[in-house]
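**Student:** Pasting in a structure now, in structure tokens, and then I'll have a few things to ask.
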Amino acid sequence: MSFPSSWRGYDLTPRLAKIERTFGGAEVTSPDQVPLLVNTPCYFAFATYDKPDDYFTNPASMVEYQAQGYERHLAAIDDDLVPYFMPWFGTGVLASAFGCPMELPSEPGNDPAVTGPCIHSLADIGRLRMPDPYRDGWMPTVLRAIDYARDNSDLPVGLTDMQGPLDTVGQMCGQQQLFMWMYDQPRLVHDLFNIVTEAFIAWVQVQKEHIGEPLGRSNGLQGVGASPIGVWESDDDMVMIGPGQYREFVAPYVSRIFQAFGGGSLHFCGKGYQHLDNILAIPGVRVVNTSPMANYEAFARFRQGLGQDVVVQLQDIAPLDVEGYYKRLLAEMDDLRRVMLATFVVDGLAMDAEGGYVVAQREPFEVARRILNVVRDCLAKKLAGEPLV
201 MSFPSSWRGY DLTPRLAKIE RTFGGAEVTS PDQVPLLVNT PCYFAFATYD
251 KPDDYFTNPA SMVEYQAQGY ERHLAAIDDD LVPYFMPWFG TGVLASAFGC
301 PMELPSEPGN DPAVTGPCIH SLADIGRLRM PDPYRDGWMP TVLRAIDYAR
351 DNSDLPVGLT DMQGPLDTVG QMCGQQQLFM WMYDQPRLVH DLFNIVTEAF
401 IAWVQVQKEH IGEPLGRSNG LQGVGASPIG VWESDDDMVM IGPGQYREFV
451 APYVSRIFQA FGGGSLHFCG KGYQHLDNIL AIPGVRVVNT SPMANYEAFA
501 RFRQGLGQDV VVQLQDIAPL DVEGYYKRLL AEMDDLRRVM LATFVVDGLA
551 MDAEGGYVVA QREPFEVARR ILNVVRDCLA KKLAGEPLV
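All residue numbers for the sequence shown refer to our numbering, where the first residue is 201 and numbers rise by one.
Structure below.
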């Protein structure tokens, strides 16, 4: 299966070639060779207020919203975004299949979310069973959306949100309880990570069967369409643990996931750069999708340490100070190979100067154009050897 070269009259060939070139590690001699993807509108509902009331309950509504958004975006924004359908139902689908309660948002601007753990004692771990994607939790809801999009839309279909074993187990136990058990009950924690990893792999395989895509490629992974890798997993909770815990309890299971799909993308936001050596030791890490969140120097050291075998996708929520943020961030980067921007412009939220979030009403296309202008200018100066700050 190959990704379509056009969509609704828009030629995607240059975008696809640029993304492929970046994954291949080609030299960057022009600003136009760095893929810039500015996601507007966002597939998630968090801090966005234009989603239809039935966005999470009617697959047709979700598909139509995303398709119309892509049409408006492609007509207005000159970037490298590649359209695909994201069957989005929050970050708790896998945890819900194990029994975590998960609810629809009570008001606009939020996503479906896990509302409590499903493991309250060590004995509960022994009672866990592999979930059935056609019966358990929100998995059937995701599959219905995938099937609808495949049968009724011209958008290529991607995977739903894929929280990795660390994040999923944290939802199932509560992070504080999990971290205590890592010290007190390591064998049982490994049992827990093992079953969640097996369920993760099986869940991705079932989605791919419904989508009709191969194990080693994806129509879209976390805002990046036409990804020449098969899977992504999120390790946001890595910022809460030290390298020793990550090495023992997380890395072996991420490795198993990536091996099942011929390599993958690891995502985290913020201060997870202490895990550089652990990440490099995971076979199959082909992409690190990260939000630096104003950790400029730490990110620069991390990027340099990754070397040139791993693609770096910069995925911050669009900052309030667009010009200042990207000048500082790109000033720290000495090598532009295997680098792409994959940011999200959220109409009700922005990142502040410290990497936190503030309420901010924004016009997404205006912000997207500002991002593209400053990043292209910064790339041109970097390639010319000129300072940015």
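Here a beta-carbon is modelled for each residue, glycine too, at the ideal position from N, C-alpha and C. Fair warning: this is a prediction, and the values are worked out from it, not measured in the lab.
1. For a minimum of 3 consecutive residues, which ranges assigned as the beta strand (DSSP E) are wholly contained in the stretch 387–423?
2. For MET438, which of LEU579, PHE379, TYR446 has the nearest alpha-carbon?
3. Would you say ALA247 and LEU549 are within 7 Å of each other, going by their C-beta atoms?
4. Between the stretch 560–573 and the stretch 226–234, can you find at least three pairs of beta-carbon atoms closer than 8 Å?
5. Taking the continuous beta strand (DSSP E) assigned at TRP432, which residues delimit it?
6. Output the distance between the C-alpha atoms of LEU343 and GLY412, rounded to the nearest integer angstrom.
7. Flag this pair as touching only if the stretch 203–222 and the stretch 425–432 have three or more C-beta atom pairs under 8 Å; answer yes or no.
8. Buried or exposed: where does THR341 fall if 16 or more other Cβ atoms within 10 Å of its Cβ makes it buried?
9. Between the Cα of LEU588 and the Cα atoms of LEU530, GLY462, LEU274, which residue gives the shortest distance?
10. For TYR383, report the span of its alpha helix (DSSP H) as first-last.
11. So, at 7 Å on beta carbons, what are the nonlocal neighbours of LEU415 in its own chain, with the 5 sequence-adjacent residues on each side left out?
12. Do GLN375 and VAL314 come within 7 Å of each other at the CB atom, strictly closer than that value?
13. Where does ASN239 sit, in a helix, a strand or coil, going by DSSP?
14. Quick one: grab the DSSP three-state call for TYR210.
15. Within 10 angstroms of its Cβ, does VAL293 collect 16 or more other Cβ (buried), or is it exposed?
16. Which residues bound the alpha helix (DSSP H) around ASN352?
17. Compare the Cα-Cα distances from ALA481 to each of GLY505, ASN310, ARG576 and report the closest residue.
18. Tell me, to the nearest whole angstrom, how far the beta carbon of THR397 is from that of ILE457; I am working on the premise that it is less than 8 Å.
19. Three Cβ pairs or more, each shorter than 8 Å: is that satisfied between the stretch 348–356 and the stretch 281–290?
20. Could you tell me how far apart the beta carbons of MET551 and ALA500 are, in whole angstroms, since I believe they sit closer than 8 Å?
21. With a Cβ-Cβ cutoff of 7 Å, do ASP279 and VAL238 count as a contact?
22. In angstroms with no decimal places, state the Cα-to-Cα distance between ALA568 and ALA323.
23. Buried or exposed for VAL558, going by 16 or more other Cβ atoms inside 10 Å?
24. For LYS471 and TYR255, I'd like the C-alpha separation in whole angstroms.
25. Hey, how far is the Cα of VAL511 from the Cα of GLU532?
26. Closest to ARG537 by C-alpha separation, out of ALA226, PRO333, ARG335, VAL545, would be which residue?
**Tutor:** So, from the data block:
1. 418–421
2. Counting from 1 along the sequence shown, the entry for residue 438 is found at position 238. When each option's Cα is compared against that of MET438, the closest is TYR446.
3. Stepping through the sequence shown from its first residue, residue 247 is reached at position 47. Stepping through the sequence shown from its first residue, residue 549 is reached at position 349. Closer than 7 Å, so yes.
4. no
5. For the purposes of this step, residue 432 is taken as the residue at position 232 of the sequence shown. That run of the beta strand (DSSP E) goes 431–434.
6. What you label residue 343 is simply residue 143 of the sequence shown in a count that begins at 1. What you label residue 412 is simply residue 212 of the sequence shown in a count that begins at 1. If I take the Cα positions, the gap works out to 12 Å.
7. yes
8. Here residue 341 is taken as the residue at index 141 of the sequence shown, counted from 1. By the 10 Å Cβ count, THR341 comes out buried.
9. In the sequence shown, the residue the question calls residue 588 occupies position 388. Cα-wise, what sits closest to LEU588 is LEU530.
10. The residue labelled residue 383 in the question sits at position 183 within the sequence shown. Note, TYR383: alpha helix (DSSP H), 375–384.
11. Position 215 of the sequence shown, counted from the start, is the residue given in the question as residue 415. Once the five neighbours on either side are set aside, the close Cβ partners of LEU415 are LYS408, GLY430, PHE461, GLY462.
12. Reading the sequence shown from its first residue, position 114 is the one you call residue 314. Reading the sequence shown from its first residue, position 175 is the one you call residue 375. The answer is no: Cβ separation not under 7 Å.
13. As a working mapping, residue 239 is identified with position 39 in the sequence shown. Residue state, collapsed to three classes: strand.
14. Stepping through the sequence shown from its first residue, residue 210 is reached at position 10. The answer is strand: DSSP assigns TYR210 an E or B state.
15. Residue 293 sits at position 93 when you count from the first residue of the sequence shown. Classification for VAL293: buried.
16. Sequence index remark: in the sequence shown, residue 352 carries index 152 (1-based). Start and end: 339–352.
17. Your numbering for residue 481 matches position 281 in the sequence shown. Ranking GLY505, ASN310, ARG576 by Cα distance to ALA481 puts GLY505 first.
18. Counting from one through the sequence shown, the residue named residue 397 turns up at place 197. Counting from one through the sequence shown, the residue named residue 457 turns up at place 257. Yes, they are in contact, since the Cβ atoms of THR397 and ILE457 sit about 6 Å apart, within 8 Å.
19. yes
20. The residue given as residue 551 occupies position 351 in the sequence shown. The residue given as residue 500 occupies position 300 in the sequence shown. Going by Cβ atoms, the distance from MET551 to ALA500 rounds to 18 Å, so no, they are not a contact pair.
21. Residue mapping note: residue 279 aligns to position 79 of the sequence shown, counting from 1. Residue mapping note: residue 238 aligns to position 38 of the sequence shown, counting from 1. Cβ atoms of ASP279 and VAL238: closer than 7 Å.
22. Here residue 568 corresponds to residue number 368 of the sequence shown, with the count starting at 1. Here residue 323 corresponds to residue number 123 of the sequence shown, with the count starting at 1. About 50 Å.
23. Stepping through the sequence shown from its first residue, residue 558 is reached at position 358. Counting Cβ neighbours within 10 Å, VAL558 comes out exposed, since fewer than 16 surround it.
24. Position 271 of the sequence shown, counting from 1, holds the residue named residue 471. Position 55 of the sequence shown, counting from 1, holds the residue named residue 255. Going from the Cα of LYS471 to the Cα of TYR255 covers about 33 Å.
25. Position 311 of the sequence shown, counting from 1, holds the residue named residue 511. Position 332 of the sequence shown, counting from 1, holds the residue named residue 532. Going from the Cα of VAL511 to the Cα of GLU532 covers about 17 Å.
26. The count along the sequence shown starts at 1 and reaches residue 537 at position 337. Per the Cα distances, ALA226.
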